[in-house]
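When you read off a place in the sequence shown, starting at 1, and then add 4, the result is the number in this note's numbering.
Glycine residues also receive a C-beta, built at the ideal position from the N, C-alpha and C atoms.
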Amino acid sequence: MPMKQILQDIVPTKQECEEFTKVADAVIKKIKIKDADAILGGSGAKDTWLATSHDIDIFVQFARKYEDKSISDILEKVLKKAFTKIERLHGSRDYFQLFYKGYTIELVPIIKITKAENACNITDVSPLHATWVNKQSMKVKNEIRLAKQFCKANKLYGAESYIAGFSGYIIEILIVYYGSFEKLLRASLQWKPQLVVDVEKHYKNRKMALFHLNKSKTQSPLIIIDPVDKGRNAAAALGAVKLREFTKLAKKYLQTKDLSYFTEKKVTKEMIIQKKGKQHLTLMTITPQDGKRDVIGMKLRKTFEYIEKSLAPFALLKAGWEWNPGEDALLYYYTKKDMQSSSIVRKGPPLKMKEQVTNFKKKNKDTYIKNKTIFANITVKHPSLKAFIKSVLKEKYVTERTRKVIVELY
5 MPMKQILQDI VPTKQECEEF TKVADAVIKK IKIKDADAIL GGSGAKDTWL
55 ATSHDIDIFV QFARKYEDKS ISDILEKVLK KAFTKIERLH GSRDYFQLFY
105 KGYTIELVPI IKITKAENAC NITDVSPLHA TWVNKQSMKV KNEIRLAKQF
155 CKANKLYGAE SYIAGFSGYI IEILIVYYGS FEKLLRASLQ WKPQLVVDVE
205 KHYKNRKMAL FHLNKSKTQS PLIIIDPVDK GRNAAAALGA VKLREFTKLA
255 KKYLQTKDLS YFTEKKVTKE MIIQKKGKQH LTLMTITPQD GKRDVIGMKL
305 RKTFEYIEKS LAPFALLKAG WEWNPGEDAL LYYYTKKDMQ SSSIVRKGPP
355 LKMKEQVTNF KKKNKDTYIK NKTIFANITV KHPSLKAFIK SVLKEKYVTE
405 RTRKVIVELY
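Structure (structure tokens):
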């Protein structure tokens with residue numbers, strides 16, 4: 005059966021599990037704090053992690069009496085004594101990252117709770133997520149692995165703001181709800197905007213769920229009620245673009261059952277150039293600024309979107325961007341034209357809007373009236389694509405979000 009092939013590649017081997025556990029245990033043993041326990045967290049605790057993954061989450065659970073104290077500061081002192089190099093990362097509550105024996109370890113300070121409503125911070129609930137997932141069978145956990153690998157291979161995985169994709173936890177919830185990877189794909193083809201998934205049936209119906217959830221928590225295209233926290237939409241960070249891509253790929257996969265959908269494909273400059281055809285290609289290699297991964301990623305995404313919007317006069321056909329933390333980013337734009345008109349007509353307000361018309365005249369010199377509306381002839385400063393790109397890259401919006409940009413036109 006084809007799926008067995010994929011599972012052989014993505015389910016950690018006995019040796020991998022032993023090494024993973026050995027490293028996690030070694031780190032946990034070094035963390036000694038009175039009234040606090042270090043425990044394995046994330047997909048490691050749930051046994052839904054993928055083979056070759058070298059990421060370990062460790063939660064340091066502090067007793068309730070610490071809720072008014074800075075547990076991040078307390079943990080930092082202990083970590084500095086136990087490890088040679090740690091990095092403090094800012095979040096809703098500061099956490100830490102270190103590299104140990106080939107693994108990236110994230111250490112998150114939390115307050116120990118038994119119910120989600122007692123949480124002081126969203127991260128306090130994380131161990132309850134693991135408890136819930138661990139009620140599932142190994143068969144279900146392997147279906148979760150298939151869904152995770154599918155999303156990862158197609159760049160749909162990750163709840164970071166610059167990705168706005170599927171988090172590991174919402175994949176886990178969706179698989180439990182639908183029963184299997186293939187059933188999830190089939191169901192996704194029927195999804196309607198703001199579908200509510202309530203696996204633990206916290207609410208009587210969709211209407212009741214939307215009524216009780218805070219409006220700010222229901223802006224995502226898919227609403228997934230957290231099984232352990234009925235007031236939380238676990239899919240709040242999921243964006244419409246990634247959801248559309250998921251359903252599009254689900255349809256293609258179900259039609260072909262092509263196993264290559266589970267293989268990560270690294271996009272290279274050569275591949276981007278090869279797909280150019282008769283189009284004009286603007287290819288940018290960007291060295292990002294230093295900082296937290298999510299912040300760097302968001303700056304790159306905003307830069308990409310700003311340039312994408314700016315290129316509309318050149319008949320933009322397709323655009324995309326690729327970035328792996330620790331590397332330069334690739335931004336690419338295919339346009340139909342490499343020249344735009346040397347002048348354009350800008351439409352202004354109708355003449356009856358006197359104040360707006362006056363302001364329009366102040367901003368634009370060459371104006372005229374047509375059909376009771378004011379217009380202006382605007383001279384385009386940079387009609388060629390090359391000059392235009394050069395100008396855009398000098399703009400503050402781009403320079404304050406990037407360190408270095410190399411442009412190649414094809």
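Can you tell me the Cα-Cα spacing of residue i and residue j, whole angstroms?
i, j, result
"ARG305", "LEU335", "9 Å"
"ASP72", "PHE103", "30 Å"
"LYS351", "GLU399", "25 Å"
"ASN328", "THR362", "50 Å"
"ILE290", "ILE60", "29 Å"
"ALA168", "LEU214", "21 Å"
"ALA55", "PHE185", "18 Å"
"ILE411", "MET343", "For the sequence presented, residue 411 should be read as Val rather than Ile. Going from the Cα of VAL411 to the Cα of MET343 covers about 17 Å."
"HIS94", "LYS385", "42 Å"
"LYS269", "LEU413", "24 Å"
"THR286", "TYR337", "5 Å"
"GLN65", "ILE126", "13 Å"
"ILE300", "LEU355", "46 Å"
"TYR166", "GLU331", "16 Å"
"SER220", "ALA241", "11 Å"
"GLN198", "SER388", "43 Å"
"MET7", "ALA86", "43 Å"
"GLU164", "GLN140", "26 Å"
"ILE32", "THR25", "10 Å"
"PRO225", "TRP195", "10 Å"
"LEU247", "LYS255", "13 Å"
"ALA157", "LYS145", "18 Å"
"CYS124", "ILE174", "22 Å"
Would you decide whether residue i is buried or exposed? Buried here means 16 or more other CB atoms lie within 10 Å of its CB.
i, result
"ASP407", "Strictly speaking, residue 407 in this sequence is Arg, with Asp absent from that position. ARG407 is exposed by the Cβ-count criterion."
"PRO292", "buried"
"ARG68", "exposed"
"ASP294", "exposed"
"ILE391", "Note on identity: in this sequence residue 391 is Ala, with Ile being the wrong assignment. Exposed, since its Cβ has fewer than 16 Cβ neighbours within 10 Å."
"LEU217", "buried"
"ASP370", "exposed"
"SER192", "buried"
"TYR372", "exposed"
Can you tell me which of the three DSSP states residue i falls into?
i, result
"SER184", "coil"
"LEU83", "helix"
"TRP325", "strand"
"MET288", "strand"
"ARG350", "strand"
"ILE115", "strand"
"ASP29", "helix"
"LYS270", "coil"
Who are residue i's beta bridge partners in DSSP?
i, result
"ALA240", "Answer by DSSP bridge pairing: none, since ALA240 is not bridged."
"SER165", "SER165 pairs with nothing; no bridge assigned."
"MET7", "DSSP, once it has assigned bridges, lists no residue as partnering MET7."
"LYS45", "The amino acid at residue 45 is misidentified as Lys; the sequence shows Gly. Looking at the DSSP assignment, GLY45 forms a beta bridge with ASP61."
"GLU110", "ASP61, GLN101"
Open item on the list: Check whether the segment 372–380 and the segment 294–309 are in contact - that is, three or more C-beta pairs closer than 8 Å.
Closed with: Too few Cβ pairs lie closer than 8 Å, so no.
- [ ] Spell out a yes or no on whether the segment 259–274 and the segment 230–240 are touching, meaning 3 or more CB-CB pairs, one atom from each, closer than 8 Å.
- [x] no
Task: the segment 141–156 contacting the segment 41–56, beta-carbon criterion three pairs below 8 Å - done: In the pairwise beta carbon analysis, the segment 141–156 is classified as touching the segment 41–56: at least three pairs are separated by under 8 Å.
Task: Cβ pair count under 8 Å reaching 3, the segment 14–21 against the segment 107–116 - done: no
Open item on the list: Does the segment 22–40 come into contact with the segment 79–90, if we say contact requires no fewer than three beta-carbon pairs (one atom in each stretch) closer than 8 Å?
Closed with: yes
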